[in-house]
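One structure is given below, encoded as structure tokens.
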Amino acid sequence: MSEEKKDYNTIEEETVSGQETEEILKEDDENLTEKAACEECQPEEATDEAEDGAEEKGSEKKGFFGKKKKDKKDEKIEELTDMVKRQMAEFDNFRKRTEKEKASMYEIGARDIVEKILPIVDSFERGLAAVPEDEKDSPFADGMEKIYRQLMTAFEQMGVKAIEAVGQEFNPDFHNAVMHVEDEEAGENIVVEEFQKGYTYKDHVIRHSMVKVAN
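Right under this line is the structure:
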């Protein structure tokens, strides 16, 4: 009876040991499966990392060339802007120079015309000075006087002015001394008589006054 019991216990222990072995083998299989799964995942993760690195590198490369292209575009814009500014400055200088030359030509032309009219004014003045006192109220003398005043008004509107001479100190910029006289009452270097009127046009002397100066 004891031997049978012993055999039964032995069989039971062997059975338990077999179950444990199966469980151990099962756990080993599960570990191997998980390990294989992890090994299969690692290449994918490595591949993903490689792709991410390639994308980042490509982005950096793209950004570098994009920045370089943008810099060249900005340089071209600055170059064109500078060119436009220079052209505008040159055009403005040309416009100012043209206006100045135009004004100068107009002034030269006006001075030439005034210079040619001055002898006519001189003739009117000599004619009016030669009219006798008893004939100054005559229609002829009155007509000459009105024409003379009309000429002088036109001169004034154009900017033509007579140079002051008698009683003024001699100034070679405005006066032309054709005679000198000893006159203690008049003072030294003073204009005492005017033979011919001088005129200026916009501060430019058209004709100097012909005068007599006291020493």
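Counting from 1, one number per residue, gives the positions in the sequence shown under UniProt numbering. Cβ atoms here follow ideal geometry from the backbone N, Cα and C, with glycine treated the same way.
Terminal residues of the beta strand (DSSP E) in which residue i lies
i      : result
Lys212 : Ser209 to Ala214
Glu194 : Ile190 to Gln196
Val178 : His175 to Val181
Best match in the options for proximity to residue i [C-alpha to C-alpha]
i           : options                           : result
Glu169      : Met158, Phe155, Gly159 and Glu194 : Glu194
residue 219 : Tyr201, Tyr106, Met210 and Ile77  : The structure shown has nothing for residue 219, since the chain only spans 1 to 215.
Asn176      : Val192, Ala162, Ser209 and Val191 : Ser209
Ser123      : Asp112, Met144, Ser104 and Leu80  : Met144
Asp121      : Glu79, Asp71, Met152 and Glu78    : According to the sequence displayed, residue 121 carries Val and not Asp. The candidate whose alpha carbon is nearest that of Val121 is Met152.
Residue i and residue j closer than 8 Å at C-beta
i      : j      : result
Val205 : Asp173 : yes
Tyr106 : Val160 : no
Ala165 : Val211 : yes
Glu188 : Asn171 : no
Arg207 : Leu118 : yes
Lys197 : Ala154 : no
Val131 : Gly167 : no
Ala141 : Glu133 : no
Ala89  : Met158 : no
Residue-level contact to chain B via CB, residue i, 8 Å cutoff
i      : result
Lys161 : The structure shown has no chain B; it contains just one protein chain.
Task: Any 3 or more C-beta pairs closer than 8 Å across the segment 175-186 and the segment 143-161 - done: no
Open item on the list: To test your reading of the DSSP string, which unbroken beta strand (DSSP E) runs of 3 or more residues are found completely within the segment 137-170?
Closed with: 160-162
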